[in-house]
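A.B. asks: Right, I'll just put the structure down here and ask away after.
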Amino acid sequence: MAKPRYPITRDERLKMPTDQSHPEHAALPSDASMTAWRLLHIEPDDVDALKLKLTLRDALPAGSAIDHVSSLDEGLEVLQERVYDAVLLGICESGKQSLDTIKHFTADVDDTPLVVLSSDENLRAAVDAGRSGASAFLLKSKLTSEQLCGALRQALEHPSYEGELPERRKEPRYALEAAAVIFPIEADGKPGREIAATTVDISLNGMVVLAQQDSDLVPDICLVGVECPDGMYRYATVEWRYRRLALPAIQFGGRFLRRVDDPLHASRLTPRFDPQQLRFTTALDAAVLQEWVARGILRPKVVDRVKVCPHCEALPTFREGCPQCGSALTETSQVIHHFACAHVAPAIEFDGDSLTCPKCRAQKLVVGADFEYLNGPQSCRECDWNDATLSLIGECLRCGHRFAGDQAHEKEVFEYHVDRLDPLALIDRA
Ligand SMILES: [Zn+2]
Ligand SMILES: [Zn+2]
Ligand SMILES: [Zn+2]
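Each number in my numbering corresponds to the 1-based position in the sequence shown with 77 added.
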C-alpha cells in the first residue's frame, strides 16, 4: 500500500479531506477529533466554579484542563503568561455592569475565544455580550455539559483564519505573497534549520505561509521572517495553530505571539541585574543569543561597560584601602602645618591647650590664621603598611576576592535587537 507522501500527525490527518479508504482513519474512534483543551475559568463565585467543574468533569476531551481564578484581573494576568484555547467568563452582576466586565476582558485579550456564563437571564445581556466579542453566551442556571461543550467546540473549531467568526476575532486577512523564512525555535531556545517559505496572507493577529517541509520538523513556535518591500527581512514570533496539506507544500497558519509568550520578546533580550548571580544577564542564555546572532537575526549593541571581578566576573564594590593587604581598615594621623615657621609635625607634638609650636615655640596658635590641619601618612590596621596614599581596592560581592582596582576586568554589557515585523505596514501595501 502506498505510504502517505508526508509523515503527518494525527491532527493534520483529521484536517485533511476525509479519505474513508484510509485504514487508520477508519479505525479512529468517533470522538478522536477532540484534542485536549486548555480552558481558563474566571469565576468570582466559588460555588458556581465548583458546579462548572462537576458539569464538565467527564465531558471534556481526554487530557483537558481547567484553570480557575476568582477575578477578572487575575484572569488577565494569567492570560499574559499562558495560552488558553478558550476562556469561560462567569459573571455575577447584571445589566451594564456585566457588559462592562465583558468589554474590559475583550479589550485586553485579542484572540482567545470567550464563552460568557451569566446569571443575568435578560435577553438583552446575551445580545450585548455577542456585540462585545463573546463567542457564546450561556445561562449559569441552565448549564449542561452538552450545551457548554457544544459552544466550546464551535468557538474552538473556527481558528482565526477560517470560517464564521465572532466580531472581535474577525481581523481581516490580506492576501500577501512575499518570500519568507521560518526559523524553528528549538526547545533550548536556539534557532533550528531555516526553512524557505512563501506568505499566503497576513492579518493583525497572524499569518499563513506555505513551506515544503515535513510539518513534524516544524515546532509549534517559530520565528518567521518576511521580505518587506524595501528588501529587508523583518521577523515575528508565530505559534502555528494548524498545518494542512496543500500539495506539494504544507500550509501553516499561526498567530503572532505577544509579550511574555514570545521567547524572543525584547524583555528577554535586554540585560538586567541578576541579584542571585550578581551579574548583568539577559533572560535568554548567552549561548542561545550567540546562535541567533550568528544566524544574522539578532544584532548585539553595547549599552554599558562594567568593571567585574577578575575571578568570577560578578560585580565588586570599590573602596580606598591598603595597597598591601587590601584592607579598608586604615587610619591617618592629623598633622599641623605652622605657617610662620613652616614646621609640619603630628598634631600631638603641638602640646597642650595653648597649642605651642615645637619648633619656634610660638603659642596660642589659631587654626586658619596661624596653622592648618593636614592629613598625615596612612597606616593599615591589619598589616604593617604605611605610606602617603591609599589605593582603589575591589572586593567581589560574590566570591569575596580582593584585588587592586586596576586588575578589575572590564566587560561589555549587550542588549539584542531583532527587526520586528509590523503587520500593519504590510497590510497597508497588500
Ligand atoms: Zn568574584
Ligand atoms: Zn594592610
Ligand atoms: Zn613654628
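Heads up, the beta-carbon is just placed ideally off N, CA and C, and yes, glycines get one too.
Looking only at its own chain, which residues have a Cβ that is under 6 Å from the Cβ of Q401, when we skip the five neighbours before and after it?
C.D. replies: So the qualifying residues of the chain are C460 and W462.
A.B. asks: List the endpoints of the continuous beta strand (DSSP E) containing E472.
C.D. replies: First-last of the beta strand (DSSP E) with E472: S468 to C473.
A.B. asks: Distance, Cα to Cα, C255 vs A323?
C.D. replies: One point to set straight first is that residue 255 is Ala, not Cys, in the sequence displayed. Computed Cα separation, rounded: 17 Å.
A.B. asks: Could you give the first and the last residue of the continuous alpha helix (DSSP H) run that contains Q411?
C.D. replies: Here Q411 belongs to no alpha helix (DSSP H); instead the beta strand (DSSP E) covers T407 to H415.
A.B. asks: For R250 and I504, I'd like the C-alpha separation in whole angstroms.
C.D. replies: Their Cα atoms are separated by approximately 9 Å.
A.B. asks: Tell me which same chain residues have a C-beta within less than 7 Å of the C-beta of S175, skipping the five on either side of it?
C.D. replies: These residues qualify, in order along the chain: I168, S195, D197 and A202.
A.B. asks: Answer yes or no: the CB of A439 versus the heavy atoms of ligand 3, is any distance below 7 Å?
C.D. replies: Yes, the beta carbon of A439 sits closer than 7 Å to at least one heavy atom of ligand 3.
A.B. asks: Please report the distance separating the alpha-carbon of R321 from that of C299.
C.D. replies: Cα to Cα, the separation comes out at about 17 Å.
A.B. asks: Taking the C-alpha atoms as reference points, what is the distance between E239 and R356?
C.D. replies: Below a pLDDT of 50, predicted positions are generally treated as unreliable, and E239, at 40, falls in that range; no measurement from the model is reported.
A.B. asks: Tell me whether P261 sits in a helix, a strand or coil according to DSSP, three-state version.
C.D. replies: It is a strand residue.
A.B. asks: For L346, count neighbouring Cβ atoms within 10 angstroms of its own Cβ and tell me buried if that reaches 16, exposed if not.
C.D. replies: With 16 or more other Cβ atoms within 10 Å, it is buried.
A.B. asks: Under the criterion of a Cβ to heavy atom distance below 7 Å, does A446 qualify as lining ligand 3?
C.D. replies: Every heavy atom of ligand 3 is 7 Å or more from the Cβ of A446, so no.
A.B. asks: Is M284 buried or exposed, if buried means 16 or more other CB atoms sit within 10 Å of its CB?
C.D. replies: Buried: at least 16 other Cβ atoms inside 10 Å.
A.B. asks: Threshold first: 4 residues or longer. Then list the alpha helix (DSSP H) segments lying entirely within the region 118-182, N to C.
C.D. replies: Taking only runs of at least 4 residues, the alpha helix (DSSP H) segments lying wholly in the region 118-182 are 123-133 and 149-158.
A.B. asks: My understanding is that T314 touches L334, with C-beta atoms under 8 Å, so please give their C-beta distance in whole angstroms.
C.D. replies: Indeed they touch by this definition, with Cβ atoms about 4 Å apart.
A.B. asks: Mark S292 as exposed unless 16 or more other C-beta atoms lie within 10 angstroms of its C-beta, in which case mark it buried.
C.D. replies: Burial call: buried.
A.B. asks: Report the rounded CA-to-CA distance for L133 versus L233, giving the unit in angstroms.
C.D. replies: Going by the C-alpha atoms only, they are around 16 Å apart.
A.B. asks: Look up V277 in the DSSP assignment and say whether it is helix, strand or coil.
C.D. replies: Reduced to three states, the DSSP call for V277 is strand.
A.B. asks: Quick check: the region 493-500 against the region 353-372, are there 3 or more CB pairs under 8 Å?
C.D. replies: Touching, yes.
A.B. asks: To the nearest angstrom, how far is the alpha carbon of V160 from that of R396?
C.D. replies: So the alpha carbons of these two residues sit roughly 49 Å apart.
A.B. asks: How long is the line joining the alpha carbons of F491 and K267, rounded to whole angstroms?
C.D. replies: When rounded, the distance between both Cα atoms is 18 Å.
A.B. asks: Mind checking whether T394 and L474 have CB atoms under 8 Å apart?
C.D. replies: Yes; because the gap between Cβ atoms is below 8 Å, this pair is in contact.
A.B. asks: Whose beta carbon lies closer than 6 Å to any heavy atom of ligand 2, going through the chain in order?
C.D. replies: Qualifying residues come out as C399, Q401, C402, S404, C457, E459, C460 and W462.
A.B. asks: With distances taken between CB atoms, is the gap from A407 to G453 smaller than 8 Å?
C.D. replies: Sequence check: residue 407 is Thr here, not Ala. It is not a contact, given that the beta carbons lie outside the stated cut-off.
A.B. asks: May I ask which residues mark the beginning and end of the alpha helix (DSSP H) holding A481?
C.D. replies: Unbroken run through A481 is the beta strand (DSSP E), R479 to A481; no alpha helix (DSSP H).
A.B. asks: Consult DSSP for L366 and reduce its assignment to one of helix, strand or coil.
C.D. replies: Reduced to three states, the DSSP call for L366 is helix.
A.B. asks: Going by alpha carbons, who is nearest to Y450 out of A211, L432 and L467?
C.D. replies: Taking only the C-alpha atoms, the option nearest Y450 is L432.
A.B. asks: Tell me where the alpha helix (DSSP H) around Q231 begins and ends.
C.D. replies: S222 to L233 is the span of the alpha helix (DSSP H), which, as asked, contains Q231.
A.B. asks: Going along the chain, which residues of its own chain have a beta-carbon closer than 8 Å to the beta-carbon of D483, five neighbours each way excluded?
C.D. replies: Closer than 8 Å at Cβ, skipping near neighbours: L469.
A.B. asks: Compute the minimum distance between the beta carbon of A481 and the heavy atoms of ligand 3, and state whether it is under 7 Å.
C.D. replies: Result no, Cβ not under 7 Å from ligand 3.
A.B. asks: Excluding sequence positions up to five away, which residues of its chain have a Cβ less than 7 Å from the Cβ of A417?
C.D. replies: Hits under 7 Å: C437, A439 and D447.
A.B. asks: If the criterion is Cβ atoms closer than 8 Å, does the pair D125 and K217 meet it?
C.D. replies: Yes, they are a contact pair.
A.B. asks: Short of 7 Å in beta carbon distance, which residues of its chain neighbour A139, apart from the five on each side in sequence? Order them along the chain.
C.D. replies: Cβ neighbours of A139 beyond the five flanking positions: A113.
A.B. asks: Does at least one heavy atom of ligand 1 sit under 7 Å from the Cβ of H415?
C.D. replies: The answer is no for H415.
A.B. asks: Of all the options L137, A326, A343 and N282, which has the alpha carbon lying nearest to the alpha carbon of C226?
C.D. replies: For the residues L137, A326, A343 and N282, the minimum Cα distance to C226 belongs to L137.
A.B. asks: Which class does D351 belong to by DSSP, given the choice of helix, strand or coil?
C.D. replies: Here D351 sits in strand by DSSP.
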